[in-house]
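Chains as they are written, first to last, in the numbering used here: chain A, 1 to 200; chain B, 1001 to 1101; chain C, 2001 to 2628.
Glycine residues also receive a C-beta, built at the ideal position from the N, C-alpha and C atoms.
Data block below; observations after.
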Amino acid sequence: MIAFYALSIVLIASAIFTVTQRSPVYSVVGLLVNFITLATLFFTLNAEFLGVIQLVVYSGAILMLFVFVIALLSSGVGPFSEGPDRLPRILLPAILSVLAGFGFLAFGVLHAPLGTPPVAHSASVLGPVGSANVFGSVGDFGVALFTTQLLPFEVTAFILMVAVIGVVAIAGDAVPQATRGRHVRRKRSKDREPIVKAGR
Amino acid sequence: MSVELSNYIALSAVMFFIGVTGVVVRRNPLIVLMSIELMLNAANLALVAFSRAWVNTAGHVFVFLVVTVAAAEAAIGLAIVVAAFRRAKNVDVDEVSRLHG
Amino acid sequence: MSLVEFIWLLPLAGAVVLWAFGPQLQRASGAVGSATVLVSFVATLFAFGSATGPVPWHQVLLSWVPGFTFGLRLDPLSLLWTLIITGVGGLIHVYSIGYMWSDRAIARFFAYMNFFVFAMLTLVLSDNVVGLLVGWGLVGLASYFLIGFWFYKPSAVAAAKKAFVINVVGDVGIMFAVFALYAATGSIAFSDIFARTGSLEPGVLAAVCVALFIGAAAKSAQVPLHTWLPDAMEGPTPVSALIHAATMVTAGVYLVARFAPLYSLSPSVQELVGVIGALTMVTGAILGVAQWDIKRILAYSTMSQIGYMIMGVGVGAYQAGVMHFFTHAFFKAQLFLAAGLIIHALHDEQDVRKMGGLRERLPFAFWTMLIGTLAIIGFPGLSGFFSKDAVIYGVLEHGHPFLYVAGVLTAGLTAYYMFRMIFLTFFGAYRGESSVEEHASLPERLMQVPVAILVVPTIAAGYFSVSFGGPSAWTRFFGTLFQVSANVAGPVLPISELGSSLLVLVLVAAGIVVAYVRYGAPAAQATAPARLRTETERMPAALRHAFWFDDVIDAAIVHPAQALGIAITRFIDPHVIDAGVRDVVWVAGALGAIFRKLQTGLVRGYALTIVIAAAAFIAYFATLGAAK
């Protein structure tokens, strides 16, 4: 109980920190704290496998990706520069609508019944963490993933493949130059026109 | 559980809306992408909470799916940011407004 | 195809062929045009028997809604008109071949003439008011075409427009009557309407009769809608003969006679029609005294004679009025055609002040014109004598003594101005400049033959109405058609029929004598040029301006209408209508400008929009769920 409140305070604080910092590196750090706290919360909810996944994939891979991109985009030693603010007074409407959304959501959640639980798909039981086929364990997750929830698994594979192709296509380098002039040479990425024209 | 399900939902909602605010207010594209990650994680939290409440592993599988999608989307989003702002003077979301009327 | 359909449609076929192949046919179109009309005439003779039977011949052509059937009807009235239209019309067509011999647009002329014959036949052969109205409009159109035939003459174009516009006024009257009759009786066919006259209230009945008469007044050039007829003389002379003497202008007479059952039930409207007819009769005669153009003299005389006819059918003397139409068609056509001979020989000179002494040089024209003149003034023994006296006496019989007096006096005036014309044209010395030529070529012969043929009915047509013991051929012809027009004069008439005829003769003789003294006597002819000059200069203003009818109509109607048109063009069109269109365009642009502001291209703005919308959705579903 106390753990929940403590963790939730850290969660919210780090979230606000992430969103409000000027420097993206600070935001990455805040996000890291957020993810770790979230993983801890997962652990308290008996979702061990997911907690580990959260740590490994999210904070380990995705955040590192962010850091690399920050490094790539920082032109030299100067900080990021931003242009003139075109929507200067957007903070207030944003906060208002967000509060409205939250308020109505809270109202809905509090006044509406949360519905009946669905038929249990998994034959998992709650048990001490660590044992096999207990709810939230790796075995239980694997059974679900490869049997009853096979479709999401396949879809996941597909999504990842598409993502790789997309990334290479968008930001990838040019084809190597040893082609003896028979193929059409793709433009080197640094020669390509940026989407944002310099000096606009 | 001494912590009610609705508490987790409230926490998830707060995190989600903080992410929304970040998307709308910030102009640095990287911060925007990070706010999107925040929103996705809020959804993950809600999913895990419900999955625990009903003791159903399907929720976990869905979280797995969301994480995958989030990873893919972050990758592609960053690739776009790199491509768009490679040599730009200002790294600012307001600069990519060529679709204006 | 029935005989009557054939009679009706053959001129239309002729018109279409001539319109289509005019340039190829050239002068042969004259033969084609005349042939169609003459063949129709012969066919009409064959239809004589079926029309005068106990039941009028009837054929339904098209049946649409119950009560809305179109068909053809051949009864004595329409048969008479058809005979005149095709017979006299055919003769005029033959005459026109000669008259329009050297005109380049001869094919167009005959196409229009055939079209006119078809239109007039539609008018008289219809068995329903709508068909009559259609024919009514089409003859107006044909008249417009033919008056403005020489369209490069601005005066002709103006005259054609004037005629058409004044006729439209009449069309409105007839349209109103058609609507009222259909609404009251539920049918447009004559037979139904006449059978159901009881279902018309007296007020509606009177209104319908007045409306119909407005149409008749416009078409038949009754005062005050007569101003188009003198100007219509701008058309070629055969046109004046056919349309503006023999047939089209008599459509009003036909209308009143056709609706005799309705008119007989509204004595007040009958009075009105009679008075207007008499007024026209007198006005036409007075103005005929003051004309110098030979065709205008004849035009005003036509107006006056039609006044006689309208007066006759108006008061209820249907047989007499129609009889006068019958005889008038012959002698007026003859007069116009003979005048055409003169005009042709004098190379288009129409002013009688520049004529004179043509008796020796154009003897054929002289004798034919003299016969026609004698007929029109009512010389004993000729056709006009019988018909005019019948009308005049009929007016007295139906109880209108003042109209009777007007008719008698006008007979004297008619004699005066007609003989004025004769003396000025044919007697004395030739006052003109152009050479008088009369050849014996084919065009001349083609013009002279119809005139010669017309002499016969001009003299003899009146004898139909003479009763050689028993009812006359005329009465037997009409049978029971006008049974409603029983003599209504109750008390003993102050003058007998014979006495009336003698009174008229006295006045006619007086008119001839005065004309002789002023124009025909050798003394008058010797000083003719000077006398004519003084007469021209001293012509009273009222006569010179034809009682200012044209000027009054111009000021009261034409100028305001033109001013309205100019005002609309200068102010309403650019500032109201165009402004309205511009405003619509401006609104579209303004809306576009407003919505363009939403397309900022800024992602954050779009994101905010999504957030707001999402909040709204959450709100909706949250409250919805809570309500459940």
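- When the alpha-carbon of A1070 of chain B is set against those of A:D173, A:A163, A:G108, A:A39, the nearest one is in A:A163.
- When the beta-carbon positions are compared, P1029 of chain B and V1093 of chain B come within less than 7 angstroms of each other.
- Using a Cβ-Cβ cut-off of 7 angstroms, A2622 of chain C does not count as an interface residue toward chain B, since no Cβ of chain B sits closer than that to its own.
- When beta bridges are read from the DSSP output, R2073 of chain C appears opposite C:H2058.
- Looking at the DSSP output, A2189 of chain C bridges to C:N2128.
- Taking 8 angstroms as the cut-off between beta carbons, the residues of the region 95-106 of chain A near chain C are S97, V98, A100, G101, F104, L105, in sequence order.
- Within the region 2468-2549 of chain C, the complete alpha helix (DSSP H) segments of 4 residues or longer fall at 2473-2478, 2497-2515, 2522-2526, 2528-2537, 2541-2544, listed in chain order.
- Interface annotation, L1038 of chain B: in contact with chain A, CB-CB separation under 7 angstroms.
- A Cβ of chain A is located within less than 7 angstroms of the beta carbon of G2605 of chain C.
- In this structure, I2007 of chain C keeps its C-beta atom at 7 angstroms or more from the C-beta atom of S2143 of chain C.
- The beta-bridge partner set that DSSP reports for S2063 of chain C consists of C:T2069.
- Exposed is the label assigned to L96 of chain A, since fewer than 16 other Cβ atoms lie within 10 Å of its Cβ.
- For R2596 of chain C, the uninterrupted alpha helix (DSSP H) segment begins and ends at 2578-2596.
- Taking CB atoms only, S1012 of chain B has no neighbour in chain A less than 7 angstroms away.
- Annotation: V2391 of chain C to Q2305 of chain C spans about 11 angstroms, alpha carbon to alpha carbon.
- Taking a contact to require three or more Cβ pairs closer than 8 angstroms, the region 2412-2430 of chain C and the region 2365-2382 of chain C qualify as touching.
- Of the candidates C:R2073, C:Y2519, C:G2520, C:G2098, C:G2098 places its Cα closest to the Cα of V2449 of chain C.
- As DSSP reads the structure, V134 of chain A sits in a beta bridge with A:V125.
- DSSP assignment within the region 2102-2153 of chain C yields the following whole alpha helix (DSSP H) runs of 4 residues or more, N-terminal first: 2106-2125, 2129-2147.
- Membership of M2369 of chain C in the alpha helix (DSSP H) is indicated by the continuous run 2363-2377.
- Cβ contact annotation for T40 of chain A (same chain, cutoff 7 angstroms, sequence separation greater than five): L7, in chain order.
- A2180 of chain C and A2206 of chain C have their C-alpha atoms some 11 angstroms from each other.
- In terms of Cβ geometry, F2070 of chain C and L2061 of chain C form a close pair [threshold 7 angstroms].
- Against chain A, the beta carbon of V2585 of chain C has no neighbour under 9 angstroms; the closest one sits roughly 31 angstroms away.
- Chain-order list of chain C residues neighbouring R1098 of chain B: G2601, by C-beta distance under 9 angstroms.
- Judged by their CB atoms, G2312 of chain C and A2320 of chain C are nearer to each other than the 7 angstroms cut-off.
- Annotated as distal: A1075 of chain B and I159 of chain A, with beta-carbon spacing of 7 angstroms or more.
- Looking at the DSSP output, D2293 of chain C shares a beta bridge with C:D2351.
- It is roughly 13 angstroms from the alpha-carbon of R1027 of chain B to the alpha-carbon of L2608 of chain C.
- For I16 of chain A, the C-beta contacts it makes with chain B under 7 angstroms involve I1018, in order along the chain.
- Distance from A1049 of chain B to I1080 of chain B at the Cβ level is roughly 32 angstroms; contact not present, criterion being Cβ atoms closer than 8 angstroms.
- Secondary structure at K2332 of chain C: helix, using DSSP grouped into helix, strand and coil.
- One finds nothing in chain B with a Cβ atom closer than 7 angstroms to the Cβ of L2564 of chain C; even the nearest lies about 47 angstroms away.
- Residue state for N1044 of chain B is assigned as helix, using DSSP reduced to three classes.
- Burial is judged here by how many other beta carbons sit within 10 angstroms of a residue's own beta carbon; Y5 of chain A has fewer than 16 and is exposed.
- With a contact defined as Cβ atoms closer than 8 angstroms, G2135 of chain C and L2123 of chain C qualify at about 3 angstroms.
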